[in-house]
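Structure, as structure tokens:
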Amino acid sequence: MKAVIRLYAKLVLMLSKISWLPPLLARIALGIIFAESGWGKLHNIDKVAEFFVELHIPAPVFQAHLVAYTELFGGILILIGLLTRIASIPLLITMVVAILTAKIEEITQASDLFAMSEFLYILLFIYLIIEGAGKVSLDYLGKKKLNSLS
1 MKAVIRLYAK
11 LVLMLSKISW
21 LPPLLARIAL
31 GIIFAESGWG
41 KLHNIDKVAE
51 FFVELHIPAP
61 VFQAHLVAYT
71 ELFGGILILI
81 GLLTRIASIP
91 LLITMVVAIL
101 TAKIEEITQA
111 SDLFAMSEFL
121 YILLFIYLII
131 EGAGKVSLDY
141 LGKKKLNSLS
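Going by the numbering used here, the sequence shown opens with residue 1, and the numbers climb by one from there.
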């Protein structure tokens with residue numbers, strides 16, 4: 001039993017040395033997904049606005065532009081780890097709205113919600129809002145710089 005405990009302690013120590021990796025991977029995935037999605041929406045804004053009309057979203061042309069720019073610039077900020085917590089909030093809200101408008105009819109039980117990529121994105125945004133961008137980010141460099149000045 002002591003050998004198992006020692007092995008577990010070594011594993012925890014090894015994993016603590018790469019604690020910078022999970023937020024980096026989350027940021028890379030979300031950043032690329034949302035920057036590309038925003039770029040695509042901007043280049044097909046009329047189709048996005050038409051889709052928003054079908055969903056009965058108010059001010060569909062304005063909302064289409066708002067979502068496209070939010071995804072593009074929010075994705076870029078998250079990718080580089082700049083203002084990550086702040087940039088995650090509007091993207092999280094966008095995913096909640098997407099589920100409530102475009103995906104709600106697909107949900108008949110809890111597992112349907114859990115299987116949606118939008119729900120996974122929400123969980124990852126919550127993680128980034130709580131934990132921050134991590135050590136491999138501009139947020140971390142900025143924090144270190146501010147701490148050195150005080």
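We put the beta carbon where it would ideally sit given N, CA and C, even for glycine. Bear in mind that the values here come from a model prediction, so they are computed numbers and not experimental data.
Original post:
Measuring CA to CA, which of LYS143, ILE93 and LEU138 is closest to LEU77?
Top reply: Comparing alpha carbon positions, the residue from LYS143, ILE93 and LEU138 closest to LEU77 is LEU138.
**OP:** Pull up the CB-CB distance for VAL67 and PRO60, whole angstroms please, since I reckon it's below 8 angstroms.
**Re:** The pair is not a contact, with the Cβ atoms about 10 angstroms apart (cut-off 8 angstroms).
Subject >> Separation of LEU91 from VAL4, as counted between CA atoms >> reply: 43 angstroms
Original post:
Whole-angstrom Cβ separation of GLU106 and ASP112, contact assumed at under 8 angstroms?
Top reply: 6 angstroms
Original post:
So what's LYS145 in DSSP terms, helix, strand or just coil?
Top reply: Helix, per DSSP.
**OP:** Answer with buried or exposed for MET185, where buried requires no fewer than 16 other C-beta atoms within 10 angstroms of its C-beta.
**Re:** Residue 185 lies beyond the stretch modelled for the chain, which goes from 1 to 150, so this question has no answer here.
Original post:
For chain D, is any of its Cβ atoms less than 8 angstroms away from the one on HIS65?
Top reply: No chain D appears in this structure, which consists of one protein chain only.
**OP:** Compute the beta-carbon to beta-carbon distance between TRP20 and LYS135, rounded to the nearest angstrom, for a pair I have assumed lies under 8 angstroms.
**Re:** 4 angstroms
**OP:** Would you identify the three-state DSSP class for SER88, choosing helix, strand or coil?
**Re:** helix
Original post:
Does the distance from the C-beta atom of LEU124 to that of ALA26 stay below 8 angstroms?
Top reply: yes
Original post:
To which residues of the same chain is TRP39 closer than 6 angstroms at the C-beta, ignoring the five residues directly before and after it?
Top reply: LEU72
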